[in-house]
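If you read the sequence shown in the numbering used here, its first letter stands for residue 13, the second for the next number, and so on.
One structure is given here, and the rest of the page talks about it.
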Amino acid sequence: MNIIASRPASYREHRHLAFEYLPMAGITNVEIPPPMPAEIDEMMAKLEKHGLTATSLMTRCNLGIDEEVDALLETIDTARKMDVGIIFCSTRSGDLPGKQPYEKLIELGDIAEKHQTVISMETHPDLCQNGDQMLATMAAVDHPNVRLNLDPANLHYYNKGLDAIEELERVKDYIASIHLKDTMGGFKEGHFPIIGRGIVDFPRMFEILNGLGFYGPFTLEIEGISGLNIEDTHQRVVDSVQYLMAIGVM
């Protein structure tokens, strides 16, 4: 069975209510920011209270900024303490020249391996903007604990003329996590509808990945409309879940 999760941010300005509402939508897994070390036990208790499991922690890391590298290292340690196997990371090379970003990622991968977690790099510039960058980064780093988070909507947002499924086919062997985010397909167009109402071929995406024995985490990231009340915001999550059920992946 596929592991379907959601970010609390799918609830936009109501994200503080996400833990309460997600189980009502049939979601029991979440991708969350790492709690501070002193707040790990409190977060674990909160997750348990709502019947939720953290399937990934989310962070960012500009490899050229020591403070952000240190924050990623702390997240790796937190992941071990929370028994979370995936760290979603928006990763940038920063000002590091030549091979230095890759060398830094290898070092981080070694640490992640010792902590039994995987750094899953988001579909963002300038290391994983598209299939070409992803393949170049994976080849240069060549580490089992540094892998890819594929976001099909971001492939369209950051690139012209790409097809998300074609790009997935190219990088499928390096996938550690997926963001379920739909798009109307426009370059730099921030219109991300309810899952199943855009152009992303989600049935084919699941077919490809399940065929490889990959079952998640697949994390809902429903960006879009601010200003809705909590019930209307929740309905967008429910509609997305119902779509996933209708195509037989949940």
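Glycine included, each C-beta is placed from N, C-alpha and C at the ideal position.
A quick note: this is a predicted structure, and the numbers were derived from the prediction, not measured.
The alpha carbon of Phe199 has as its nearest neighbour, out of Asp175, Tyr23, Cys101, Lys93, the alpha carbon of Asp175. Taking 8 angstroms as the cut-off, the Cβ atoms of Glu235 and Phe214 do not count as close. Under the 8 angstroms Cβ criterion, the stretch 84-101 counts as touching the stretch 113-125, having at least three qualifying pairs. Annotation: the continuous alpha helix (DSSP H) that includes His168 extends over 164-170.
The Cβ neighbour count for Lys111, taken over all protein chains shown within 10 Å, is under 16; the residue is labelled exposed. For Asn161, the three-state secondary structure derived from DSSP is strand.
In this structure, Ile220 sits near Glu181, with a CB-CB distance shorter than 8 angstroms. For the pair Ala83 and Met55, the Cα-to-Cα distance works out to about 18 angstroms. Looking at Thr65, Met94, Arg19, Asn74, the one whose alpha-carbon comes closest to that of Ala50 is Met94. The beta carbon of Ile190 is closer than 6 angstroms to those of Leu162, Phe230 in its chain, skipping five residues each way along the sequence. Residue burial is scored here from C-beta neighbours: Ile44 has at least 16 other C-beta atoms within 10 angstroms and is therefore classed as buried.
Ranked by how close their Cα comes to the Cα of Met36, the residues Ser68, Thr245, Val261, Ala152 have Thr245 in first place. Counting every other CB atom within 10 Å of its CB across the protein chains shown gives Ala151 a total below 16, marking it as exposed. Here Asn166 is buried: its Cβ has 16 or more other Cβ atoms, across all protein chains shown, within 10 Å. If only complete runs of 4 or more residues are kept, the stretch 182-227 shows the alpha helix (DSSP H) at 214-223, in order along the chain. Per the coordinates, the alpha-carbon of Val183 lies some 10 angstroms from the alpha-carbon of Arg159.
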